[in-house]
Amino acid sequence: MIEHGPLIERLLAGDFICAVSDENAFRRLQDEQVREQLDTYLRPLNRRLAANPENSVYFLAWRNLNDEAREQLSQQLGETLHSLLPLLEWLRLVQEALGRDALVAPGDVLKPAEFSAKCEDNQSLRERLERLATDSFFGSQSEQLDAQLKQVFKRLKEHGYLLQPHADRQVYLVTGKVDYLIDLVRFIRDEENLPIDEEAPATQEALL
Amino acid sequence: MSEVHTLESRLLTTGTERLALLGKHADALMQGYTRDEVPLEALTDAALRKLLAARILWRPDEQSGVKLSPKVRDLIAEMLADETRRHVNADVAETLELIRSLVQSYREARSRGEYWQQEQQLLRLRQELDDLNGRFADAIDSLWQRLNSDFGFVSRLNDKIRENHRAQKQIERLLDGLTLIDFDELIALVGSDGTLRKLLISQLQQQLSQHYTSLREVQRRLTELMARFRQQQSQSRLVAGMAAFLREHPGFVPGNYARRSEVPALVNRATPLIAAAAPALDRHQDAAVLSELIRQLPAPVHSPQAVEAAQPAEQQLESHVAARQQALKQDVERFYLTVVDEADAAGAPGISALGYLHARELEWQDEIWLFQVIAEYQSLPRSEQRAFRLHQEESQASSYNHVRLIHDVTLTLALSA
């Protein structure tokens, strides 16, 4: 158990463990025996190991959903919903700025400098970034493009969607938490029967 | 025979000449490859005529411009591994027809005893089989290239999906082509001829089974890739759709999943828990580590504070220490004066510091006394220092190091020359 110490600590702290954020730990978590060991250990803390449907990212869930846990989950859900639109807008912005038609995926490399260059050339991107950065979730106070970008990346790093391998280099990696976000979006759509089509060609885009 | 040789050498010269045309007009031909038509400004009339005669270029009709012939276009695409233009076409049925007729001619030549004819038919048969094999190998190579680049030659996901679809169709055609080759028929065709058997049965069978395996593998990978493309596409649509929905419905609040009897797995995320710890001193073996940590702490910077209440006590202490220090210093000075006085009377005998201390029955400890005597000597100005000689009576502390212990010092007045 002792070798899992740092991993348990990260999980307890609320980190999402994926192949990008901690490859070694992620490999260990794919072993069912290790998962069982961890679950046993976490039992007195009323926590258990959980994963998204594709098992691409692991995190801790409440084992027993008592009133306190439900209260916390309701509150957390509210926060998640508040951050949902800005996060989705960010995903769309990245996609467009980089001229790709697939979303960013875990392991993708993002550089603020690259965005800065794209936004300088494109007024519409620039305006959208500005709107996004000043949203209360990202909370940038600046009018400068670079400062806004910096704030956006900083917040995404704080929330675990991005990873900065070297503190002194402005290069970020997309983590598996993005998968979790998309799973959550799909879940909400299904639960609420929202009129959002995944299969047919997107006509929504044309309407926007 | 000589007629045949003439034919062969004529073929050789013409072929070489025409191949050379490709190199000579490479620029113009490549422009024709990238554009719709070959620019005529770059070509002389004679050159154009030669290129048309060699069927490197062709003119669809009188009005239109000159274009690359399909075969040359294929050749260039092949050489550039240009996956957008590379054609996959194994054409098995036609090749099989040709093989049948070549085998027939070969056997007729053999029965007539026309040895040279027989060899020629065999050569053509070998070339046809090589071609067939090459076409499969080439098609498979082209498919792998496209697969490994994730269809990188087109940028939009929709195009990638279309290209993937096209590649899968090609594989189906190639696999269909492979099933056209009926080895039972070939076995019957070659009969007992060993050379033909080796060529058409064992060699071909081995090559084709390799191609079959490769094609199945490419097919599997293409299907996987297609699933990934589709997933990317649906994710992208999902995100776009949800963003649009939330923008249009700012007041949207989904159900409170946390209050359901069965909380959905995705929304069950436990509160972060920080595993805190504080230094504890109740375990003896930790003491060393903790004290080491404390030693490593940067010294706290305290701005001097006037502490009114503590002042008298502290001053007393300080003045007491200072008085003792002063007394010691004065005693040592007296010792120095004694040395000077004694030297005047009886040459310069030198006086032992400890001897003096004990003789005068002074209260200082030996060590402190010696220390102060040496310190006094060292604090003298250089010119006055020269007036004294300080001899240290010392010994080595141990044979393992160079620490020396001072037992006593003898101070002598150095008589100036």
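In order, the protein sequence lines correspond to chains A and B.
Position 147 of the first sequence, counting from 1, maps to 147 under the working numbering, and the rest follow consecutively.
Position 350 of the second sequence, counting from 1, maps to 558 under the working numbering, and the rest follow consecutively.
Cβ atoms here follow ideal geometry from the backbone N, Cα and C, with glycine treated the same way.
Note that this is a predicted model, so its numbers are computed, not measured.
Counting C-beta pairs closer than 8 angstroms gives three or more between the region 165-181 of chain A and the region 9-25 of chain A, which meets the contact rule.
Residues of chain A whose Cβ lies closer than 7 angstroms to the Cβ of Thr479/B are, in chain order, Gln72. Here Trp324/B is exposed. Its C-beta has fewer than 16 other C-beta atoms within 10 Å. The region 95-110 of chain A and the region 140-148 of chain A do not touch, with fewer than three beta-carbon pairs separated by less than 8 angstroms. Neighbours of Asn476/B across chain A, judged by C-beta separation under 7 angstroms: Ala50, Ala61, Trp62, Leu73. Note: Phe596/B is bridge-paired with Leu621/B in the DSSP secondary-structure output. Separation of Val611/B and Leu42/A (C-alpha to C-alpha, rounded to the nearest whole angstrom) is 60 angstroms.
Tyr180, Ile182, Asp183, Leu184, Val185, Arg186, Phe187, Ile188, Arg189: these are the residues of the region 179-190 of chain A whose beta carbon lies less than 8 angstroms from some beta carbon of chain B, given in chain order. Residue contact with chain B for Gln95/A: present (Cβ-Cβ distance below 8 angstroms to some residue of chain B). Between Ile409/B and the set His419/B, Arg477/B, Ala396/B, Thr421/B, the nearest pair of CA atoms involves Ala396/B. Each residue's CA atom was taken as its position, placing Val311/B and Ile389/B some 15 angstroms apart.
Linking Leu386/B to Tyr420/B through their CA atoms gives a straight-line distance of about 8 angstroms. The beta-bridge partner set that DSSP reports for Val174/A consists of Leu162/A.
Ranked by how close their Cα comes to the Cα of Arg405/B, the residues Leu330/B, Arg429/B, Ala347/B, Phe543/B have Leu330/B in first place. Judged by their CB atoms, Arg354/B and Glu371/B are nearer to each other than the 8 angstroms cut-off. Nearest to Met1/A by alpha-carbon distance, out of Gln37/A, Ala113/A, Ala25/A, is Gln37/A.
For Lys232/B, the number of other beta carbons within 10 angstroms of its own is below 16, and it is reported as exposed. Around the beta carbon of Tyr172/A, a 10 Å sphere encloses 16 or more other beta carbons of the protein chains shown; the residue is thus reported as buried.
Contact between the region 65-74 of chain A and the region 21-38 of chain A is absent: fewer than three C-beta pairs spanning the two stretches fall below 8 angstroms. Beta-bridge analysis with DSSP links Ser560/B to Thr618/B. Each of Asp616/B, Glu216/B, Lys279/B was checked against the Cα of Gln600/B, and the nearest Cα belongs to Asp616/B. The criterion of a C-beta distance shorter than 8 angstroms is not satisfied by Phe453/B and Leu84/A. Every alpha helix (DSSP H) of 4 residues or more that sits fully in the region 101-165 of chain A is shown, in chain order, as 112-121, 123-133, 145-158. When the alpha-carbon of Leu276/B is set against those of Asp539/B, Ala236/B, Arg332/B, Ala486/B, the nearest one is in Ala236/B. Around the beta carbon of Ala530/B, a 10 Å sphere encloses fewer than 16 other beta carbons of the protein chains shown; the residue is thus reported as exposed. Taken through DSSP and simplified to helix, strand or coil, Arg468/B comes out as coil.
A check of alpha carbon separations from Leu351/B across Arg428/B, Leu260/B, Leu416/B identifies Arg428/B as the nearest. Look at Ser83/A here: in three-state DSSP terms it is helix.
If you draw a straight line from the Cα of Glu270/B to the Cα of Arg243/B, it comes to about 19 angstroms.
Here Phe391/B is exposed: its Cβ has fewer than 16 other Cβ atoms, across all protein chains shown, within 10 Å. Rounded to the nearest whole angstrom, the C-alpha separation of His373/B and Arg10/A is 44 angstroms. Residue environment: Glu32/A is assigned as exposed (fewer than 16 neighbouring CB atoms within 10 Å of its CB, all protein chains considered).
For Val57/A, the enclosing beta strand (DSSP E) covers residues 57-62.
The CB of Val471/B comes closer than 9 angstroms to the CB of Ala61, Trp62, Leu65, Ala69, Arg70, Leu73 in chain A, given here in chain order.
One Cα belongs to Arg47/A, the other to Arg35/A, and the distance between them is close to 12 angstroms. From the listed residues Thr80/A, Gly176/A, Pro44/A, the smallest Cα separation to Val109/A is found for Gly176/A.
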